[in-house]
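Notes for the one structure printed next.
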Amino acid sequence: MHWYHGDKGLVEPNCPTLAICYDIGRCQLMRSQLDTDPILLDTGIEITCSAWNENGSLLAIAGLQRGIASSQSNSGKSAERDVNVVQFYSAFGEHLRSICLPGKNLAACAWEGNGSLRLALAVDSLIYFANLRPDYRWAYCNTANTVIYAFTRAGSQETCVVFWNTKNNQTRVRSVFQLSHICAAEDYACLVCRNEPAGSGCTLTLCNALGVSMDSKRIPMEPTHVLMTGQQVIAVNKGVIYAWQFFNPKHLTGMRSALTNIRHREGSERLAKQLDKPQGNCSFAHRLPELICHVDLKPVTETTTANSEGSSLPTGTGCLDWSVLKKSTPKDPICAIAVSGRRHLFVARVSGQVQRYRLPDLWWESSIQTIDTRPYRIQSICSNSLLAIIDESGIMTLQSLLDDGVSESVVSPANREKQISDFIRKDVWNVKFADDQPDMFAIMEKTRMFIFDGFQAEPAVQTSCYICSFNELEVLGLLLDELIALADQPSKDCLLRIPIKIFRECEMMLEKEGPSKTLELIEANPHPRLRRLLAEKSLAKQDLDFAELGFVYCQNYAGIQFVKRLRNIPSKLIRKAEIESFFGNIDEAEQLLLNSDRSDLAIELRRRLGHWFRVAQLTKESGALVKDADLAEIWNVIGDHFADQMLWDKAASYYRQGGDLIKYAECLYQKEDYNGLERLVEEVPDGHVLLPELAMRFASIGLAQQAVYALVKTSCNTLYPLCVRNPQCDRIKEAIDVCAELNCWQMALDLVNQQTGSKKGSGDAQTQQFQLQEQKIDRLLTQSVTRLLEQGHRIQAVELYKRAGKLLSAAKLLFHEAQELSRNGKATVLQLKKMYVLIGLLIEQYYEQNKLHASTKAKMSSCPEGVHQASSALAGLLLEEKERTDTSNANFGIHESTGVVPPKLDESINGNDLVWDHSFGDRERRTLISTKGPDKDNAEAPHRQPQSTPPLHGNWEISRLIDQPWRGAEAYHYLILAQRQLYAGSLDQALRTAQLLRDYEDILEVKVIYSLIATCAIAARAFGTCSKAFIKLESLTDLTLEERTGYQQLALNVFTL
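As structure tokens, this is what we get:
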């Protein structure tokens, strides 16, 4: 029994950690000691020991396997013997590999503590060490030079996937859950993650080389093997093959690709038949981005259609037939897959049979029997003529792919067939064919790499790297053991570049014998990489003739032009620096230029390469003379770098140094530094092109004052009246429109009045134009207020009037709102008091506004200061008196010449056309109504029709409101004060305060006033005052019979009890 402690984290959440083995060969893997559903294994050996590795991802079970058949040399008969066997299982019980050991008694086993890369086995009196190569989750994008690998952190359920660009040494880390596989090809990678809950399939996530998700696909199957081509993702389980043709933007070139995209979107079968022109049932790639087939289904023949049972192609064109997943697991399941470029898929089965499918339509082509053991890994050559197979024991063999009438393979000669059949290697765990040379491949045997050229092995290279790619006579290896240990901080030391033998010989000959002898070797072994080697080595030695010859052989036009440019450089030191920069050794080239006291060339070199941070550093350190324009370019480009990364603070500082005010303003706007934008408006000169943009920025966030200031500063006609009119520069109209849009009506009117006054001497046309603008503003203001009143937003209308400087109109609306709330009882007494206080403040501001307006009109440049002040004050008083007189006479119809009140006045009053009518006291009614008696008034009262809308304000009420703006606030103040004194026990003071309310019967309800007086009088034992209050209440004309009876009964109870 062995229990993994979990200190290094778990492979997956809720995975088994307890292994209980029995000597009869049975084993159960449990998640805990209480697990009721363990994983059961039948190893087939007599188990002697077992051990988990360091992170719980691998279980080693060792024991004795009896009855292994072996042949005897003397008699030729077979005999049975016992063999020591070590079996390796995954955390979920999947058998991975097995190894056999010599000896009789395998007693114990133990893992190495650092990485679990070796297993120590005690056999008899010896200790064996087995080197293990873990099956890491990793992939390599050969076109993008990007390594993708995964690692887990202890205590975290997430899996970190690192995208490492080996060319510029940049990394990006993203976290995923339930990661099972990683595959990559060209510029793309695919992450396969299991879905929750368990058994619900997986999700294929397509990423680019930067780790950005491009697309995803959710499928109801959990694959055991996944790989990619440049346009497809292939996922297989034990019996089903699934192919997903993903969207690749790089392939959308030409008319046919565009029409293919249209077919994908519209699903037009008729167009697909016309363009694809399938022969039989052979073209499904463009119509079906997803394909699925079962490994045991029969191939399509002339008598078997694609929709029939037994077909290897998907049924239907709209969706996949996932019913194939319900089929039972085949007796000969899939154990390995491989692709050859983009055209063929090879599927290996446990029996050693390999089936070949054509891509991208997943068409079955042929099936061949390769080996008798279970394949562990297969790999196909680029020319699709050779297949490498590694079985579970590490034995590698080659299989020739003969022409079967469907594939386009090349028939090998007899001697080649013999070499292929005789080729066998042991202890192989990885193989990689060259991309550009069909006869070259590299294999990994234990801790050695062998490179084969035409089945001839080159000297071994001692390494334990994983092979990424093999092209241009060079093997790129990756030390994954060290890379996984570094987690998300990869190092280029983990990359190994191993050249083949001919490349090393050519390189040594160039060093010792020169390019002349080497040229003969290159001509005997023509390869573009060797010719480029000749050009590079000759260029490094400044042998320009052979360097130019090598570039001509390679057809490298840029290299030829570079050699021509070097011929014009007389200095060998500067020439050497240019050569170093051509090879990418920028630091060495810069150091050579600095040592030769040519800091200007070093700066120019960094500038040409776009290393602007280094350019700025060299400019400061070297003390070289740099023009102001060049220095500004440096700061602005660095600012662009930080702006691309959205580091607005740093970008703004560099733009400020570079003098790019437009981008500087953009940075301030992005980081919401509006105070900085205001300072920028002050700093820029008048008429600057940035000012309109800043004004629009301010207007977009509601800063009207700043926007108007920027637009006014842009207008050269306002700042420089003598200049020639420029329509593009004059922005006053635009400023007025901004004020109207932001409801800053007072500011808009001030601008119009200012422009009207400043343009008086310039002609009637401009004055008339601004007067029309003022009328337009008034019309827009009226429309806005009307819209708010229709929507019931009267308080917003008051605020709008106040912002527009229409203080009297704002007070009128607010007074109407207070009266309506008082009648409906929807507001508290304190709220009504606050509203009347606000009315008083608005009227006071209205006084000040009239005085200021009158002083502006009365101001004359020829008057002395004292006369000017006196005339201003007098003009303000006369203006107020005139407005009150005009409004009062206009309401009552009093003519200034006769002073006669028309007969319709009493109808207006009795008809409740005035807001004040319903609350006037008897004293004021007698004063106002002089032409009609009370009998007639009462007679006509029942015939009045109730009004559905609140009464409108007349000018007489507004005149009264202007005369006594604080009267309403006083009334509610006394009302609140009387109640507070009553509840506080100050009864006499409460009574005196309540009696003051009799002067405010036009504001407060008479019933409320005398009810409060009666209550305070009863509490203060002032029954005389109480009796008068009850008499007043009982005499009210608007009481109902029930209310009048109630008052009488209450009075009787008060004075009799």
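Residue 5 is where the sequence shown starts when you use my numbering, and the numbers rise one by one after that. Note that CB positions come from ideal geometry on N, CA and C, so glycine has one too.
Looking at the structure shown, is Q849 part of a helix, part of a strand, or coil, going by DSSP? As a first step, residue 849 is located in the sequence shown; it is residue number 845 there, counting from the start. In the structure shown, Q849 sits in a helix (DSSP, three-state: H, G or I).
Using three-state DSSP, classify Y1004 as helix, strand or coil. As a position in the sequence shown, residue 1004 is number 1000, starting the count at 1. Note: Y1004 maps to helix in three-state DSSP.
Would L4 and Y976 qualify as a contact pair, given that the criterion is a beta-carbon distance under 9 Å? The question about residue 4 has no answer, for the chain in this structure spans 5 to 1061.
Quick check: the region 160-167 against the region 503-511, are at least 3 beta-carbon pairs closer than 8 Å? Output reads no: the region 160-167 does not touch the region 503-511.
Nonlocal neighbours in the same chain, by C-beta distance under 7 Å from R1048, ignoring five residues either side: As a working note, residue 1048 is residue 1044 in the sequence shown. Around R1048: E1038.
Identify the continuous alpha helix (DSSP H) that holds W616 and give its terminal residues. Counting from 1 along the sequence shown, the entry for residue 616 is found at position 612. Judged by DSSP secondary structure, W616 falls within the alpha helix (DSSP H) whose first and last residues are 616-626.
Beta-carbon gap between V237 and L214 smaller than 9 Å: Within the sequence shown, the letter at position 233 stands for residue 237. Within the sequence shown, the letter at position 210 stands for residue 214. The answer is no: Cβ separation not under 9 Å.
Cβ pair count under 8 Å reaching 3, the region 189-204 against the region 510-529: Because the criterion of three Cβ pairs below 8 Å is not met, the region 189-204 and the region 510-529 do not touch.
By DSSP, does A19 sit in helix, in strand, or in coil? The count along the sequence shown starts at 1 and reaches residue 19 at position 15. The sequence shown places Cys at residue 19, rather than the Ala named in the question. Coil at C19, not helix or strand.
F555 burial status per 10 Å Cβ neighbour count (16 or more: buried): In the sequence shown, counting from the first residue as 1, residue 555 sits at position 551. Only buried fits F555, as 16 or more other CB atoms lie within 10 angstroms of its CB.
With DSSP as the reference, label H99 as helix, strand or coil. As a working note, residue 99 is residue 95 in the sequence shown. Strand, per DSSP.
Helix, strand or coil at R157 [DSSP, three-state]: One-based indexing of the sequence shown puts residue 157 at position 153. Looking at R157 - three-state DSSP - the assignment turns out to be coil, as it is neither helix nor strand.
Starting from the C-beta of D492, find all residues in its chain whose C-beta is less than 6 Å away, skip the five residues before and the five after it, and write them out in chain order. Walking along the sequence shown from the start, residue 492 turns up at place 488. Around D492: V166, V177.
By DSSP's criteria, Q357 is part of a beta bridge. Which residues make up the other side? Stepping through the sequence shown from its first residue, residue 357 is reached at position 353. Per DSSP, Q373.
Between the alpha carbons of L698 and A633, how many angstroms are there, rounded? Reading the sequence shown from its first residue, position 694 is the one you call residue 698. Reading the sequence shown from its first residue, position 629 is the one you call residue 633. Straight-line spacing of the CA atoms in L698 and A633 works out to 25 Å.
Between F250, L136, I103, G588, which lies nearest to K171 when the distance is taken from Cα to Cα? The count along the sequence shown starts at 1 and reaches residue 171 at position 167. G588 is the residue among F250, L136, I103, G588 whose C-alpha sits nearest the C-alpha of K171.
In terms of alpha-carbon separation, which member of F456, P138, E974, R791 lies closest to R122? Within the sequence shown, residue 122 is the residue found at index 118, counting from 1. Among F456, P138, E974, R791, the Cα nearest to that of R122 is on P138.
Could you tell me which of I103, L793, S179, R1002 sits nearest to V432, measuring between CA atoms? In the sequence shown, the residue the question calls residue 432 occupies position 428. Out of I103, L793, S179, R1002, I103 has the C-alpha closest to the C-alpha of V432.
If you draw a straight line from the C-alpha of N475 to the C-alpha of E462, how long is it? Here residue 475 corresponds to residue number 471 of the sequence shown, with the count starting at 1. Here residue 462 corresponds to residue number 458 of the sequence shown, with the count starting at 1. About 16 Å.
Answer yes or no: do I65 and F92 have a C-beta to C-beta separation smaller than 9 Å? Here residue 65 refers to the residue found at position 61 of the sequence shown. Here residue 92 refers to the residue found at position 88 of the sequence shown. Closer than 9 Å, so yes.
Return helix, strand or coil for L1043, following the three-state DSSP convention. The residue given as residue 1043 occupies position 1039 in the sequence shown. L1043: coil per DSSP, three-state reduction.
Pairing CB atoms from the region 786-800 with CB atoms from the region 809-826, are three or more of them under 8 Å? Counting Cβ pairs under 8 Å, three or more are found: they touch.
Comparing alpha-carbon positions, which option in V358, D325, S327 lies nearest A340? The residue given as residue 340 occupies position 336 in the sequence shown. Answer by Cα proximity: V358.
Specify the secondary structure class of G119 as computed by DSSP and reduced to three states. On the sequence shown, residue 119 is found 115 positions in, with the first residue counted as 1. In the structure shown, G119 falls within a coil segment according to DSSP collapsed to helix, strand and coil.
With 16 other Cβ atoms within 10 Å as the buried cut-off, status of E738: Numbered from 1 along the sequence shown, position 734 holds the residue referred to as residue 738. The residue in question, E738, is buried, as its Cβ has 16 or more Cβ neighbours within 10 Å.
Kindly give me the distance between the Cβ atoms of L366 and L295, rounded to whole angstroms, as I take these residues to be in contact under 8 Å. As a first step, residue 366 must be located in the sequence shown, where it is residue number 362. As a first step, residue 295 must be located in the sequence shown, where it is residue number 291. That pair is a contact at about 4 Å.
Can you find the residues in the same chain that come closer than 6 Å, C-beta to C-beta, to I1065, ignoring five residues on each side of it along the sequence? Absent from the structure is residue 1065, since the part of the chain shown begins at 5 and ends at 1061.
From D46 to G71, what does the alpha carbon distance come to, in whole angstroms? In the sequence shown, residue 46 corresponds to position 42, counting from 1. In the sequence shown, residue 71 corresponds to position 67, counting from 1. So the two alpha carbons sit approximately 17 Å from each other.
Here's the rule I'm using: 16 or more other beta-carbon atoms within 10 Å means buried, otherwise exposed. How should Q968 be labelled? Position 964 of the sequence shown holds residue 968. Exposed.
My assumption, with CB atoms under 8 Å, is that G159 sits in contact with G13. Please give the rounded CB distance. Residue 159 sits at position 155 when you count from the first residue of the sequence shown. Residue 13 sits at position 9 when you count from the first residue of the sequence shown. Correct: roughly 6 Å between the Cβ atoms.
Relative to the alpha-carbon of I843, which residue among R535, E794, A1055, E974 has its alpha-carbon at the smallest distance? Position 839 of the sequence shown, counted from the first residue, corresponds to residue 843. The residue from R535, E794, A1055, E974 with its alpha-carbon nearest to that of I843 is E974.
Can you tell me where the beta strand (DSSP E) holding N135 begins and where it ends? Position 131 of the sequence shown, counted from the start, is the residue given in the question as residue 135. In the DSSP assignment, N135 falls within the beta strand (DSSP E) that extends over 130-135.
Please list the segments of the beta strand (DSSP E) lying wholly inside the region 448-483, counting only runs of 3 or more residues, in order along the chain. Here the runs fully enclosed are 452-457, 470-475, 478-482.
Using a Cβ-Cβ cutoff of less than 6 Å, which residues in the same chain neighbour G258 once the five nearest sequence positions on both sides are dropped? The residue labelled residue 258 in the question sits at position 254 within the sequence shown. Note on G258: pLDDT 41, under 50, position unreliable in the model; no value is reported.
Decide if L390 is buried, meaning its Cβ has at least 16 other Cβ atoms within 10 Å, or exposed. For the purposes of this step, residue 390 is taken as the residue at position 386 of the sequence shown. It counts as buried.
Could you spell out the range, first to last residue, of the beta strand (DSSP E) harbouring A1067? Nothing about residue 1067 can be read from this structure; the chain reaches only from 5 to 1061.
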